[in-house]
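Here's the structure, in structure tokens; my notes come after.
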Amino acid sequence: MPKNAEQIAQVLSRMLGRPFSRIDVLTAFGEKSYLLAEIDGKIMGLAGFQVENLITRVDEFLLLPEAPIEPVARALIQAVENASKELQSEVGFVYLPMNAAAPIVQVFAHSGYERMELEAIQVPAWREAAQESQPPNTQIFAKKLRPDRVLKPL
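What follows is the structure, given as structure tokens:
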């Protein structure tokens, strides 16, 4: 059993304003992974993501109000990208709220992510995946994670 499930539930409850239990988080582990960012043993942020069909989707990217935005966001982005590359992911899609704070958006831009509309995603499989997984009231930030596409099974 994931040892951080209770901590993840507390962060989700605090940041999303609705109750999450340890069981909710354990259930979510069947579909996604969570990464925590800590400073001096205190949780500062969380990323919830999944890699499926060589496509990474980050549908939860939360920084606590007291978190130093730039270093915590960069650390989470890098950790998600590292996990994605280990799984041969071709592209990363991050879904941020339409009202995401400008400093968070800037960290993604400086990390190579571009804000995209669904129609601008050129690869049909990527566009379909983004459309299927995009939560309501979010904007898409995309980054190609591999120089080439995987056209044959690995």
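To convert, note that position 52 of the sequence shown is 52 in UniProt numbering; the numbers rise steadily by one, no gaps.
Beta carbons: idealized from backbone N, C-alpha and C, even for Gly.
Local conformation of residue i per DSSP, three classes
i    : result
E81  : helix
D148 : coil
Among the options, the one whose alpha carbon lies nearest that of residue i
i    : options               : result
D40  : L12, F49, L62, V72    : V72
N82  : E70, Q106, Q50        : Q50
F108 : G30, E119, A142, Q131 : A142
F61  : F29, A28, L16         : L16
K3   : P19, S13, F29         : F29
A129 : D148, I104, V94, E114 : V94
A75  : P103, L64, M116, G45  : G45
Classification of residue i by the beta-carbon crowding that lies within 10 angstroms, buried from 16 upward
i   : result
V11 : buried
M1  : Per-residue confidence for M1 stands at a pLDDT of 45, beneath the threshold of 50, marking its modelled position as unreliable; no derived number is given.
I8  : buried
S84 : buried
L63 : buried
I23 : exposed
_Length at least 3, wholly inside the UniProt domain "N-acetyltransferase" (1-146): the beta strand (DSSP E) runs in chain order_ = Within the UniProt domain "N-acetyltransferase" (1-146), the complete beta strand (DSSP E) runs of at least 3 residues are 33-39, 42-52, 55-63, 91-97, 114-116, 138-144.
*Is the region 48-60 touching the region 85-94, taking contact as three or more C-beta pairs under 8 angstroms?*
Output reads yes: the region 85-94 touches the region 48-60.
*Is the region 128-143 in contact with the region 95-112, if contact means three or more CB pairs nearer than 8 angstroms?*
yes
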